[in-house]
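Q:
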Amino acid sequence: MRNRYNRADYYFISVVALLIISCNLTKNVPKGDALYTGAAIKIKDSTLSKKEKNKVVDFTEHLPRPKPNGKFLGVPFKLILYNLAGDPKKKGFIRKFLRNLGEPPVLLSSVNLDYNVKVITNSLENVGYFRTSASGDTTVKNKKAHATYTLEPGLVYTINEVNFVTDSSAIGRAILQTKSKTFLHPKDPFNLDVIKGERLRIDAILKEEGYYYFSPDFLILNADTTKKGDHQVNMYVMVKENTADLSKKPYIIDDVFIYPNFRLNSAKIDTSSDSEYSYQGLNIVDPQKRFKPSLFPRILRFDSGDVYNRKDHNLTLSRLINLDVFKFVKNRFELSSDSRGDTGRLNTYYYLTPLRRKSLRVELSGNTRSDNNTTGSNITLSWLNRNLLRGAEHLTVHANVGTEIQYSSAIKGNSNTYRAGGGFTFTTPRFVVPFFKFNTTSAYVPRSKIELDYDLLNRSKLYTLNSFKGELGYIWKPNQVIEHEFNLFSINYVVPLNVTQVYRNGIGNDPVLQHAIDTQFIVGTNYMITVDHLANNPKGTGLYFNGLVDVSGNAAGLITSVNSTKGKKTILGVPFDQYFKIQGDARYYYAFNKTARLANRVILGLGYPYGNSRQLPFIKQFFIGGNNSLRGFRSRSLGPGTYRDPNANGSIFFPDESGDIKLELNTELRLKVNNILEGAFFVDAGNIWLYNKDTTTASGTPGVLLRPGAQFTKDFMKELAVDAGIGLRIDLTILLLRLDVAAPLREPWLPSGQRWVFSNFNLKNAVFNLAIGYPF
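Counting from 3, one number per residue, gives the positions in the sequence shown under the working numbering.
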């Protein structure tokens, strides 16, 4: 029997039901009170233009408190949920859950009209609307109340002239020199926030010129409204008469004392001068010789004889903290006995409480993968020594064991994955460069690093790989936004330890599978830069960029000869890979407000294989699809180009399609429901390609074309895959769980003209992605 109701009927019924619920918004309002629905601002002044009136309304309409219950599309959903929970005195899990999602009604009894009137008038006077009068009133109907504030502001006062009233003293001359960059300009509106900013600006400049004891409170900015002119003020910048002489002179650093083993519970012992010794002008008190004295001149930005400035003061504290060897960093300045005259002198003291030198850490992580129906876990045990050679060097030794086990037979011939590995990382807080001495002046101490790692990957029933990695390089940050990493020497060696006959038989049917178990020998150099404008505000608007340049085989190719048997250049008889690779990951985030944010990402990658290589080595190639990429396609199952593995839906192996070139575009609208839940709508597009035609056989020699359509061409835009979907995120504070559901909109392997598949956009073709954290 055909259903009597269509989809529109259900929508209509739902809306009606919602309206019925909405009509009972006052059910939890106490007797004699009313539901507060908000406030309106009314301007009563004929001298203001319409534009100026709107400006006043925009400035004041957010000031009255409290705020009414929040609404979405005009409906107070949170209040509705709270009311659905029923009597607040009754208990129950469902009731508690609904109350936590909702919010109680905002009542008229919580509105203080007189207080709001004072806030509005004071705020208007602070931006130049002097002699403003205001009043407030409420209207109550059907247990709902609304407030109206009537304002009578006059014309805004503007600045007529700015005068710096100073004398011929050192501080008077210093303040007068700051006038050219003042925030106060004639014809600008009078604004208290700008005046406060002017005081802070002058103080900041004076702090850089040695005036340690000066404060913004010692500056006074008088506004004279009695001068001739209509609604104008004259501004006078002066130093208060009662400012102490101590604050009127610059200071020079005298002696610097460092206590690198300071303990809060034994300060007298830690600050004893019996064990004090001098090193390059620094007075160090370290009875236990816990740190080498050569560490501190590289870190501190103050030397005896320097003029005090706040920039170097803060830089020194930041550099000490970023060493990651001190738990607490405290600094104080004290007047030296030789502080007479027009210039004072300061002794500087640094009290440093060390962190525990050695620590042991265990990390347990879990993951799920939708591309091969696996769940996995990983255990990492790491040991850290924060001060290995007494120069704040870090040595981290780690070992890890992990598994990925298939929990479904959707892919034939279940193949679980096991891996184990270990290694160490050694870093020292300086640039280690033979015959040269380098340092940085930023808040972040540069580091030189040596890293060695080993990894054993076992895909049961398929193959086992040995992987060795070693790097020698440098990490430094000129500021909080930019970070550089340059690995002068990088080596990767991947060799198959065991390959099952099942996998070898698979290679016979599909020679492309050989690429995953190729011996890979990479000797080269790489550089990476990260620019993160969201470092201080991860939920705001800003740009993030990560760029990589990776070169392998250039220098080695110049000093080696060609092996006559294999026709390739070798090192110790092993052919090495030769390629040039660049990659850029650019993201732009735009916050509409606190609950809505648009995230965009573009990934461009280009690999140029040459010499020994016709493709990039497998571990350096690009992949696409999966949880953090094109979410409507299985991980590594897409591309390259228009190629489609004929056994993609029935392979006994993991999909492992890879390419030398990558283009990926993502955009995602994130909508915050409450402090825990967040929804998302997204669209992804992209693909990967090979630089050369894939004609390599299992033996490594050129052969027949293996993957037609895989090579990059001028028609690459016509070969992009596209998907769209929705997501749900649960923010548990310590981690963010993410569920994304997406389906393909465009499948590039289909014949030209048939690649858009809107008709197949449904749950049947959807891919479910369960992951931790945002995709980008």
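C-beta atoms are modelled at their ideal positions from N, C-alpha and C, and glycine is treated no differently.
Would you identify the three-state DSSP class for GLY415, choosing helix, strand or coil?
A: Your numbering for residue 415 matches position 413 in the sequence shown. Reliability fails at GLY415, whose pLDDT of 48 lies under 50, so the model's placement of it is uncertain and the value that follows must be treated cautiously. DSSP places GLY415 in coil when its eight states are reduced to three.
Q: For ILE626, name the three-state secondary structure that DSSP assigns.
A: In the sequence shown, the residue the question calls residue 626 occupies position 624. Of the three classes helix, strand and coil, the one that applies to ILE626 here is coil, per DSSP.
Q: Given this structure, state the Cα-to-Cα distance separating GLN234 from LYS183, to the nearest angstrom.
A: The residue given as residue 234 occupies position 232 in the sequence shown. The residue given as residue 183 occupies position 181 in the sequence shown. Rounded to whole angstroms, GLN234 to LYS183 spans 22 Å at the Cα level.
Q: Considering PHE99, what are the terminal residues of the alpha helix (DSSP H) in which it resides?
A: On the sequence shown, residue 99 is found 97 positions in, with the first residue counted as 1. Segment 95-103, the alpha helix (DSSP H) holding PHE99.
Q: Taking the alpha helix (DSSP H) that GLN172 belongs to, which residues open and close that run?
A: What you label residue 172 is simply residue 170 of the sequence shown in a count that begins at 1. It should be noted that the sequence gives Ala, not Gln, for residue 172. Its alpha helix (DSSP H) spans residues 172-178.
Q: Buried or exposed: which applies to HIS517, given that a residue is buried once 16 or more other Cβ atoms fall within 10 Å of its Cβ?
A: For the purposes of this step, residue 517 is identified with residue 515 of the sequence shown, where counting begins at 1. HIS517 is buried by the Cβ-count criterion.
Q: With a cut-off of 8 Å on the beta carbons, I'd call TYR420 and LEU464 a contact; round off their distance for me.
A: On the sequence shown, position 418 is the one that residue 420 refers to. On the sequence shown, position 462 is the one that residue 464 refers to. No, TYR420 and LEU464 are not in contact; Cβ-Cβ is about 11 Å, not under 8 Å.
Q: Does DSSP put ILE122 in a helix, a strand or coil?
A: Here residue 122 refers to the residue found at position 120 when the sequence shown is read from its first residue. It is helical.
Q: Which same chain residues, not among the five before or five after GLY607, have their C-beta less than 6 Å away from its C-beta?
A: In the sequence shown, residue 607 corresponds to position 605, counting from 1. So the qualifying residues of the chain are GLN585, PHE624, LYS664.
Q: So is LYS622 buried or exposed if we call it buried at 16+ other beta carbons inside 10 Å?
A: Your numbering for residue 622 matches position 620 in the sequence shown. Flag for LYS622 reads buried.
Q: Suppose you measure from the CA of TYR610 to the CA of VAL258; what does that come to, to the nearest Å?
A: As a first step, residue 610 is located in the sequence shown; it is residue number 608 there, counting from the start. As a first step, residue 258 is located in the sequence shown; it is residue number 256 there, counting from the start. In a straight line, the C-alpha of TYR610 is about 55 Å away from that of VAL258.
Q: Would you grab the beta carbon distance between HIS535 and GLY544 for me? Rounded to a whole angstrom, and I think it's under 8 Å.
A: Your numbering for residue 535 matches position 533 in the sequence shown. Your numbering for residue 544 matches position 542 in the sequence shown. Yes, HIS535 and GLY544 are in contact; Cβ-Cβ is about 4 Å, under 8 Å.
Q: At the level of alpha carbons, what is the spacing between ASN144 and GLY775?
A: Position 142 of the sequence shown, counted from the start, is the residue given in the question as residue 144. Position 773 of the sequence shown, counted from the start, is the residue given in the question as residue 775. Looking at the two C-alpha atoms, the distance is approximately 47 Å.
Q: Where PRO289 and PRO295 are concerned, what is the direct C-alpha to C-alpha distance, given to the nearest angstrom?
A: Along the sequence shown, read from residue 1 onward, the residue named residue 289 stands at position 287. Along the sequence shown, read from residue 1 onward, the residue named residue 295 stands at position 293. Near 12 Å, if we compare the C-alpha coordinates of PRO295 and PRO289.
Q: Buried or exposed: where does GLN580 fall if 16 or more other Cβ atoms within 10 Å of its Cβ makes it buried?
A: As a first step, residue 580 must be located in the sequence shown, where it is residue number 578. Burial call: buried.
Q: What ranges does the beta strand (DSSP E) occupy inside the segment 345-399, keeping only unbroken runs of at least 3 residues that lie completely in it?
A: Whole beta strand (DSSP E) segments, 3+ residues: 346-356, 360-371, 376-387.
Q: With DSSP run on the structure shown, which of helix, strand or coil describes TYR446?
A: For this step, residue 446 is matched to residue 444 along the sequence shown. Three-state result, TYR446: coil.
Q: Are the CB atoms of VAL496 and PHE470 nearer to each other than 9 Å?
A: In the sequence shown, residue 496 corresponds to position 494, counting from 1. In the sequence shown, residue 470 corresponds to position 468, counting from 1. For VAL496 and PHE470, yes; Cβs fall inside 9 Å.
Q: Any idea what DSSP makes of SER111, helix, strand or coil?
A: As a first step, residue 111 is located in the sequence shown; it is residue number 109 there, counting from the start. Note: SER111 maps to helix in three-state DSSP.
Q: Apply the 10 Å Cβ neighbour rule to PHE293 and answer buried if 16 or more other Cβ atoms are within range, or exposed otherwise.
A: Within the sequence shown, residue 293 is the residue found at index 291, counting from 1. Label assigned to PHE293: buried.
Q: Beta-carbon within less than 7 Å of SER566's beta-carbon, same chain only, minus the 5 sequence neighbours each way: which residues are those?
A: Indexing the sequence shown from 1 puts residue 566 at position 564. In this prediction, SER566 has a pLDDT of 46, which is less than 50 and means its spatial position is unreliable; nothing more can be read from the coordinates.
Q: When we look at the beta-carbon of LEU640 and count the other beta-carbons within 10 Å, is it buried (16 or more) or exposed?
A: Taking the first residue of the sequence shown as position 1, residue 640 is located at position 638. Label assigned to LEU640: buried.
Q: Does the Cβ-Cβ distance between LEU747 and VAL724 come in under 9 Å?
A: Translated into the one-based positions of the sequence shown, residue 747 becomes position 745. Translated into the one-based positions of the sequence shown, residue 724 becomes position 722. Yes, Cβ-Cβ distance for LEU747 and VAL724 is below 9 Å.
Q: So, TYR213 versus ILE173, is the Cβ gap smaller than 9 Å?
A: Counted from its first residue, the sequence shown places residue 213 at position 211. Counted from its first residue, the sequence shown places residue 173 at position 171. Cβ distance < 9 Å, so TYR213 and ILE173 count as in contact.
Q: Strictly by DSSP, which residues pair up with TRP691?
A: Along the sequence shown, read from residue 1 onward, the residue named residue 691 stands at position 689. BP columns for TRP691 point to ILE663.
Q: Under a three-way DSSP split, which group does LEU671 fall into?
A: The residue given as residue 671 occupies position 669 in the sequence shown. Strand.
Q: May I have a chain-ordered list of the beta strand (DSSP E) segments no shorter than 3 residues that lie completely inside the segment 583-644?
A: The qualifying runs are 598-611.
Q: Who are MET530's beta bridge partners in DSSP?
A: In the sequence shown, counting from the first residue as 1, residue 530 sits at position 528. DSSP, once it has assigned bridges, lists GLU487, LEU550 as partnering MET530.
Q: Give me the Cα-Cα distance between GLY1 and ILE286, rounded to the nearest whole angstrom.
A: Shown here, the chain extends from 3 to 778; a query on residue 1 therefore has no answer.
Q: For SER2, which beta-bridge partners are listed by DSSP?
A: Look at the range of the chain in this structure, 3 to 778, and you will see that residue 2 is not part of it.
Q: Spatial neighbours of LYS332 within its chain, please: CB distance less than 7 Å, with the 5 preceding and 5 following residues excluded, ordered by chain position.
A: Mapped onto the sequence shown, residue 332 falls at position 330. TYR353, listed in sequence order.
Q: With distances taken from CA atoms, which of PHE330, ARG638, ASP552, ILE524 is nearest PRO619?
A: In the sequence shown, counting from the first residue as 1, residue 619 sits at position 617. Among PHE330, ARG638, ASP552, ILE524, the Cα nearest to that of PRO619 belongs to ILE524.
Q: Could you give the residue range of the beta strand (DSSP E) that holds GLU473?
A: To locate residue 473, count along the sequence shown from 1; it is residue 471. Residues 465-478.
Q: Tell me which residue opens and which closes the beta strand (DSSP E) that ARG432 is part of.
A: For the purposes of this step, residue 432 is taken as the residue at position 430 of the sequence shown. Run containing ARG432: none; DSSP gives neither H nor E here.
Q: Under 9 Å, do ARG599 and ARG709 count as touching if we go by C-beta distance?
A: Position 597 of the sequence shown, counting from 1, holds the residue named residue 599. Position 707 of the sequence shown, counting from 1, holds the residue named residue 709. No, Cβ-Cβ distance for ARG599 and ARG709 is not below 9 Å.
Q: Using a threshold of 9 Å, state whether the C-beta atoms of PHE61 and SER125 are closer than that.
A: Taking the first residue of the sequence shown as 1, we reach residue 61 at position 59. Taking the first residue of the sequence shown as 1, we reach residue 125 at position 123. Cβ distance < 9 Å, so PHE61 and SER125 count as in contact.
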